[in-house]
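The sequence shown begins at 656 in the working numbering and counts up one residue at a time.
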Amino acid sequence: MIDIITVRGTGEPMNGPGNMLTNVVEHLDPWRFRTIGDCPFPGTVGPVGAGVDGPSVRRNIDIGLASAVAMVRASPNLVGIIGYSLGALIVTALRELQAQGLYLDCELAFSACVANPKRRAGDSIDPNPHGYGITGERADFLPNVPHFEAANPADIITSSSAGSPLRAVADGMAAFSAAELGEWSLDMAGRFRSQRFQPVSLDWWRRPVQTWQVYDEAGRGIIGYLDRTAHIIEYVRGGYCARLADRINMT
């Protein structure tokens, strides 16, 4: 038996019946897998769901990592860990630290992410993935534990082009934080799509068509995030969660 830990996304309640990852675990083989619950961490960013004194993305990761490690250590079985969006950053952090020699006592059967803001280019359960995570690409994982990524190409959180202007909001995780804190708006999307912007690349004029394309993509990506289609709805409607479960069932 493999115990499954889920690590939820921003604003999702602990063990909520409508959380994104329920759409994955409901398709797992019950003879091989059992869900032991959500990893405890705030699951809120700044004022989103927690008031003006809410925790930062970094604080969420630190708390979630400690909780995930404790859950893995407490399980009598091998563990599979699955994260969605903000939760995917926690899963990624654990795998990166294990590759650095930490938490090696936390034996995993597999890890998996849905809409990972730190997804590596080319890493997807589906063919022809687009771009990579908005916060940049993850570091190496230990190769002996399989890892799976479900990535909607239209979801700018996990599938941004290399030259996306949303990466230039600030360094590190600020672009993802800006999305969660409500700083992405329809006005920003309109500015990108109507070309009312200052290109972030100094040599944009050498590639004008490609420049307009990545800004249009950014505008469409913001809209897809705000209306919940690209970052939430399509992962269920488009079968991403079910396909991820199929890959896990094959491990």
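Glycine residues also receive a C-beta, built at the ideal position from the N, C-alpha and C atoms.
Segment contact: the region 725-734 against the region 670-681, fewer than three CB-CB distances shorter than 8 Å; contact not assigned.
Where aspartate 717 is concerned, there is no enclosing beta strand (DSSP E), although the alpha helix (DSSP H) around it starts and stops at 712-729. Nearest neighbour of arginine 898 by Cα position, chosen from Gly664, Val679, Ile659 and Glu667, turns out to be Val679. DSSP places leucine 763 in the uninterrupted beta strand (DSSP E) bounded by 763-769.
Around the beta carbon of glycine 756, fewer than 16 other beta carbons sit within 10 angstroms, so the residue counts as exposed.
Within its own chain, the residues whose Cβ lies closer than 8 Å to the Cβ of histidine 682, once the five positions on either side in sequence are excluded, are Cys896, Ala897, Ala900, Asp901 and Asn904, listed in chain order. Residue pairing from DSSP places arginine 689 in a beta bridge opposite Asp658. By the Cβ-count criterion, leucine 720 is buried, with 16 or more other Cβ atoms from all chains shown falling within 10 Å of its own Cβ.
In the displayed model, tyrosine 787 falls within a strand according to three-state DSSP. For tryptophan 686, the number of other beta carbons within 10 angstroms of its own is below 16, and it is reported as exposed. For the set Asn771, Ala743, Ser832 and Pro820, the Cα lying nearest the Cα of isoleucine 660 is the one of Ala743.
Bounds of the beta strand (DSSP E) holding tyrosine 739 are 733-739. Taken atom to atom, the span from the alpha-carbon of glutamate 872 to that of alanine 885 is near 12 Å.
With a beta-carbon spacing of about 7 Å, valine 662 and alanine 723 fall inside the 8 Å limit used to define contacts. Boundaries around phenylalanine 803 are those of the beta strand (DSSP E), 802-805, since no alpha helix (DSSP H) includes it.
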